[in-house]
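*Asks:* Okay, handing you the structure first.
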Amino acid sequence: MRALRATLFGLLAVLLIWAVFVALAAPPPYMLPSPARVAATLWARSGFLLAQGWLTLVETILGLVFGACAGALAGLGTVLWPRLGRVAWPLLLVLQAMPVFALAPLLVLWFGFGLVSKVVMAALVIFFPVASAFADGLRRTEPELLDAAALTTATHWQTLRFVRIPLALPALVTGLRVAAPLAPLGAVIGEWVGASGGLGFVMIQANARMQTDLMFAALALLAAMTLALRALVDELAPRLAPWAAESGPSPFPSLLRRKSS
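With the first letter of the sequence shown counted as 1, position 129 gets the number 129 in UniProt numbering; the numbers rise by one all the way through.
Dropping the structure here:
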């Protein structure tokens, strides 16, 4: 609850500074609209923005699911087969180092202007953080535990399933926490390059028409979506690795937990 209050206080402080700056500097509305003007646009165009936001949310969630699964499998594969990892990991690093804007036009060319290119873009953005975190967690299994498993009748796959993967799940959760806020970015970049709908499409059209208040309204909806995804990952984290207790409170406290009496 304390973290939630701090988040709300920070948001109100930013809005207050924004409103005071607009009142004193009086910039043209097409340069910087006031928070009240953005809120009025968000309310007046709520139906339109929610429909476009739903499209971006679907692209984001699908990209998050596919990217997380592909990243986890890649991290597992590079640890299980070290020779494959020595060959594949530099290629993954090169892919991660490339600007996503350079890949987006190719994805649109290959997969079209529809849903698939945006999902692939979102999956690529979050693939490497998940793969890197999970592979690092698998490599950091304590040697004493592996030696203890070797003294039993456990096979290599049983050791992997019951020792290495469970101990690496907290690292996987960390990768998901890093990747979740990036997933909407991948979807929006894909919409910027070529799309017929979505919040990224709304931003491009609003910018071309100097409708800055509409662009800020779309940004506000995208920010809310990003925070919701991060909160969802924080909510699922204790279920993925219930044995790995965290020492501090989450910055995104769950709204689903009831206050203990």
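Note that CB positions come from ideal geometry on N, CA and C, so glycine has one too.
Excluding the five sequence neighbours on either side, which residues of its own chain have a C-beta within less than 6 angstroms of the C-beta of A135, listed in chain order?
*Replies:* Working through the sequence shown from its first residue, we reach residue 135 at position 135. Contacts found: G75, T78 and V79.
*Asks:* R83 lies in the alpha helix (DSSP H); which residues open and close that run?
*Replies:* In the sequence shown, the residue the question calls residue 83 occupies position 83. Where R83 is concerned, the enclosing alpha helix (DSSP H) starts and stops at P82 to A97.
*Asks:* Would G71 pass as a contact of V130 if the rule is Cβ separation under 8 angstroms?
*Replies:* For the purposes of this step, residue 71 is identified with residue 71 of the sequence shown, where counting begins at 1. For the purposes of this step, residue 130 is identified with residue 130 of the sequence shown, where counting begins at 1. Result yes, Cβ atoms of G71 and V130 sit closer than 8 angstroms.
*Asks:* Compute the beta-carbon to beta-carbon distance between M208 and T56, rounded to the nearest angstrom, for a pair I have assumed lies under 8 angstroms.
*Replies:* Position 208 of the sequence shown, counted from the start, is the residue given in the question as residue 208. Position 56 of the sequence shown, counted from the start, is the residue given in the question as residue 56. Residue identity differs from the one stated: residue 208 is Ala in this sequence, not Met. No, A208 and T56 are not in contact; Cβ-Cβ is about 19 angstroms, not under 8 angstroms.
*Asks:* Quick one: is M1 buried, meaning 16 or more other Cβ sit within 10 Å of its Cβ, or exposed?
*Replies:* Position 1 of the sequence shown, counting from 1, holds the residue named residue 1. Annotation note: pLDDT 49 at M1 (below 50); position unreliable, coordinate value reported separately. Residue burial is scored here from C-beta neighbours: M1 has fewer than 16 other C-beta atoms within 10 angstroms and is therefore classed as exposed.
*Asks:* I need the DSSP call for S46, collapsed to helix, strand or coil.
*Replies:* Taking the sequence shown and counting its residues from 1, the one referred to as residue 46 is at position 46. DSSP places S46 in helix when its eight states are reduced to three.
*Asks:* How should G137 be labelled, buried or exposed, when 16 other C-beta atoms within 10 angstroms of its C-beta is the threshold for buried?
*Replies:* On the sequence shown, position 137 is the one that residue 137 refers to. G137 comes out buried.
*Asks:* Which same chain residues, not among the five before or five after A88, have their C-beta less than 8 angstroms away from its C-beta?
*Replies:* Along the sequence shown, read from residue 1 onward, the residue named residue 88 stands at position 88. Excluding positions up to five away in sequence, the list reads A74, G77 and T78.
*Asks:* Taking the CB atoms as reference points, tell me whether Q213 and T41 lie closer together than 8 angstroms.
*Replies:* Here the question's residue 213 lines up with position 213 in the sequence shown. Here the question's residue 41 lines up with position 41 in the sequence shown. Just to set this straight, residue 213 is Asp in the shown sequence, not Gln. Contact: yes.
*Asks:* Take R166 as the anchor and find which of A195, P181, V120 and T141 has the nearest alpha-carbon.
*Replies:* Taking the first residue of the sequence shown as 1, we reach residue 166 at position 166. Here residue 166 is Pro; the residue named in the question, Arg, does not match the sequence. Comparing Cα-Cα distances from P166 to each of A195, P181, V120 and T141, the minimum goes to T141.
*Asks:* Sorted by chain position, which residues of the same chain lie with C-beta nearer than 6 angstroms to P105's C-beta, five sequence neighbours on each side aside?
*Replies:* Reading the sequence shown from its first residue, position 105 is the one you call residue 105. Only V193 meet the Cβ criterion.
*Asks:* Among the candidates L169, S117, T226 and A220, whose CA atom is the shortest distance from the CA of A133?
*Replies:* Along the sequence shown, one-based indexing puts residue 133 at 133. When only C-alpha atoms are compared, the closest one is L169.
*Asks:* Pull up the distance between the alpha-carbon of A228 and that of E235, whole angstroms please.
*Replies:* Reading the sequence shown from its first residue, position 228 is the one you call residue 228. Reading the sequence shown from its first residue, position 235 is the one you call residue 235. Their backbone Cα atoms lie some 10 angstroms apart in a straight line.
*Asks:* Can you tell me whether DSSP reads F66 as helix, strand or coil?
*Replies:* Walking along the sequence shown from the start, residue 66 turns up at place 66. Helix.
*Asks:* Between which two residues does the alpha helix (DSSP H) containing R177 stretch?
*Replies:* Working through the sequence shown from its first residue, we reach residue 177 at position 177. Start and end: I165 to A179.
*Asks:* Take L11 as the anchor and find which of A231, V233, L103 and A223 has the nearest alpha-carbon.
*Replies:* The count along the sequence shown starts at 1 and reaches residue 11 at position 11. Checked all of A231, V233, L103 and A223; the closest Cα to L11 is A223.
*Asks:* With a 10 Å radius around its C-beta and 16 neighbouring C-beta atoms as the bar for buried, classify V108 as buried or exposed.
*Replies:* The residue you call residue 108 lines up with position 108 of the sequence shown. By the 10 Å Cβ count, V108 comes out buried.
*Asks:* Assuming S63 and A123 are in contact, meaning their beta carbons sit under 8 angstroms apart, how far apart are those beta carbons, in whole angstroms?
*Replies:* Walking along the sequence shown from the start, residue 63 turns up at place 63. Walking along the sequence shown from the start, residue 123 turns up at place 123. Note on residue identity: the sequence assigns Gly, not Ser, to residue 63. Their Cβ separation, rounded to whole angstroms, is 4 angstroms, which keeps G63 and A123 in contact under 8 angstroms.
*Asks:* Is it true that the CB of F201 sits closer than 8 angstroms to the CB of Q96?
*Replies:* Here residue 96 refers to the residue found at position 96 of the sequence shown. Here residue 201 refers to the residue found at position 201 of the sequence shown. No, these two residues do not count as a Cβ contact at 8 angstroms.
*Asks:* If V120 and F111 are in contact, beta carbons under 8 angstroms, what's the gap, nearest whole angstrom?
*Replies:* In the sequence shown, residue 120 corresponds to position 120, counting from 1. In the sequence shown, residue 111 corresponds to position 111, counting from 1. Sure, about 6 angstroms apart at Cβ, within 8 angstroms.
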